[in-house]
Structure formats: structure tokens, C-alpha cells
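Engineer: In our numbering, the protein residues as written are 89 to 413.
Beta carbons are placed, not taken as given, at the ideal position from N, Cα and C, and that holds for glycine.
Since the structure is predicted, the reported quantities are computational estimates derived from the model, not experimental observations.
1) Ordered along the chain, which non-local residues of its own chain (more than five positions away) have a Cβ less than 8 Å from that of residue 363?
2) Would you call the CB atoms of residue 299 and residue 226 closer than 9 Å?
3) Between the Cα of residue 406 and those of 346, 193, 369, spot the shortest distance and give me the residue it belongs to.
4) Check for me: the beta strand (DSSP E) holding residue 416 runs from which residue to which?
5) Would you report the Cα separation of residue 152 and residue 220, rounded to the nearest angstrom?
6) Restricting to Cα atoms, I'd like to know which of 253, 190, 129, 248 is closest to residue 163.
7) Based on the DSSP output, what are the partners of residue 387 in its beta bridges?
8) Which whole runs of the alpha helix (DSSP H) in the stretch 127-188 are 4 residues long or more, in chain order?
9) For residue 108 and residue 396, which I take to be in contact (beta-carbon distance under 8 Å), what is that distance rounded to the nearest angstrom?
10) Helix, strand or coil: how does DSSP classify residue 244 here?
11) Measuring alpha carbon to alpha carbon, tell me which residue in 133, 102, 89 is nearest residue 366.
12) Please return the same chain residues whose Cβ sits closer than 6 Å to the Cβ of residue 154, not counting the five positions on each side in sequence.
13) Can you tell me whether residue 89 is buried or exposed? The criterion is at least 16 other CB atoms within 10 Å of its CB, across all chains shown.
14) Can you give the beta carbon distance from residue 122 to residue 160, rounded, assuming they're within the 8 Å contact cut?
15) My understanding is that residue 326 touches residue 215, with C-beta atoms under 8 Å, so please give their C-beta distance in whole angstroms.
16) Could you pull out every unbroken beta strand (DSSP E) segment of at least 3 residues lying fully inside the stretch 241-327, listed in chain order?
17) Distance check for residue 265 and residue 286, CA to CA, integer angstroms please.
Shown next as C-alpha cells:
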């Protein structure tokens, strides 16, 4: 057998990654944000039906139990926040099963941070500051901030906060997405995901950081419902040149509401015959003990490196992607 042993990225890309990590650490050190590490191998994992996870058997004789590689360090970091850590950040690996392609590798690098006392708008300000630093000299245009509702209406003419099956079907048939009618049915969330990814996302952030905020409440994840509009949640996503880079929230702190959302997602997983998971009891206990008001965000650094290095695929930023690992 002939082994393809060499890295898939260039030596210049290795140096670019090292500079990026240095610059990120310098940015947060200047703002007195504490760098932390949390386990990547844990007793539970997220319940989101859209995320597939890796699991393994842990043998500690005479016991044997399942452990999970984390799709994000979010739950463990929130436990630190509840314990009084103050504002924190982490650069770590995350793992998502089944994700491979131009923008995906099953093992990837995340920057995740949480700012105690920050609103979502304050977090967005800090994101803009970080990107201005990282893209200095790159000619990035002024940061754009758009509400989800406004950008959805702009590109589709539909209201994402009020689902009308007939209107959505009419638009899909007229815009070359007839498969959406069958695939999405009367599921508002599926419609939003398909229309956003096909008809809106490719046009977001033309040579600029675009922050889309105020997501529909049917896409809550771990965000608080907006006090100004209960049809939306305090969530933001980041895009440059149509590439999704990050996902952030004004964090949900209510343990009861979080447990309810976990249970809803667990039921969805059962209905879709996905691998079973259980809710993270340690996270719920941390929320019950008291998670401080905070905002947090996770950013994929490999995709960020694609933009900084003008790479065409995520493999161009990695030493050894999954096919060479």
C-alpha cells in the first residue's frame, strides 16, 4: 500500500494558523478574559437532532460505560461560569460525525467565549473588534448587522416569523426549489433551514462580516427568548462571503426551560430514529445553581483560516484532514 503521508496544507498555512492563534490569545489577554480547558470526552452530549456525535466505550473494570466526544465545549464552559469563573474563552477541537466536505471535517477547531454581563449587542461589538484585528490589512468592508426577519423578507418576500404553508410552497415552486415542498412539509423549522441556506446565505457578507440576529423562536437552541419580541430569540450568526463562521446567543439561564428544550429535542431524535442521548444533568444542575447573565459565541477557526488564506477547501487549512489522519 502506498501511503499519502504528507500534510494537505502548505507550510505557509501552518504559519498562518500559528499567527491566528497568537493573535486571538493576545486579543483576549488584553481584555482580561481567562483562557480555560474543558474535557472533550464527557458522559453526555448535546441533544440537537441536527448534530451527529461520536461515542466510545470507556473500560474501567469491572465497569463499562459510553462516553461522547463533544460537538462543542459549551456545556462544560457554562459549568465554569456557574462556578464563578468570570468571562472565559477556549480554543479546542470539536467533533461532529458525518460532516465532511468543502467546509467540513469531522474534527475541527473552535474558538468559543462567554462574556459575563454582556448583552447580545455587546457581544456583537466585541466580535466586530476581533474580526477587525484578525483581518487587518485584508480589505474587509464595514461590518453589517441585519435582523433575520429583514434579510429573509429581502431575499424571499416571506415572513419567517409567521408560517404560511401555502405561501412557502408557492415561493419554493416559483424559485426552483420544488423539492422543499416534499422534504419540508408543514415543518416551519425545516423550511427556514432550507430557504435560508439556498436562497439567502450565499449572498451574505460580500467581502464583509455580516451578523444576522433575532432568529425565529422555533430555532431557540440555547438562546433566551427576546424580551422585545417573543417570536424571536437572542441569537446571532456570522457570515463572510456566504460562509457561516459562528453562532452566538444571549444565553438561556433557566434550568426548567433548558430541560424542556432538551426533552423536546430528545423526542425529535426518537421520532427521527437517531441515536439516543440523555440530557446533561450536570449542565442543568449548574443552571439551577445560577448561571450569570452572559452572552457567548463559537467560531470555526478552520473556516476563518480559509478566508484569511484564500483557501478553496477546509483541507487546505488542516495538516491532516480525515482522509489523511
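Structural biologist: In brief:
1) Taking residue 363 as the centre and dropping the five residues before and after it, the same chain places the C-beta of 140, 141, 143, 357 closer than 8 Å to its C-beta, in chain order.
2) Result no, Cβ atoms of residue 299 and residue 226 do not sit closer than 9 Å.
3) For the residues 346, 193, 369, the minimum Cα distance to residue 406 belongs to 193.
4) Examination of residue 416 is not possible in this model, given that the chain is present from 89 through 413 alone.
5) Looking at the two C-alpha atoms, the distance is approximately 48 Å.
6) Nearest option by C-alpha distance: 129.
7) Residue pairing from DSSP places residue 387 in a beta bridge opposite 199, 334.
8) Correct list: 162-170.
9) The Cβ separation is near 7 Å, so the contact holds.
10) DSSP places residue 244 in helix when its eight states are reduced to three.
11) Comparing Cα positions, the closest option is 133.
12) Take residue 154, set aside five residues on each side of it, and the residues of its chain with a beta-carbon closer than 6 Å to its own are 143, in chain order.
13) That one is exposed.
14) Their Cβ separation, rounded to whole angstroms, is 18 Å, which puts residue 122 and residue 160 out of contact at 8 Å.
15) Residue 326 to residue 215, Cβ: 7 Å. Contact.
16) If one requires a minimum length of 3 residues, the beta strand (DSSP E) runs lying completely within the stretch 241-327 are 296-304, in chain order.
17) Cα-Cα distance, rounded: 9 Å.
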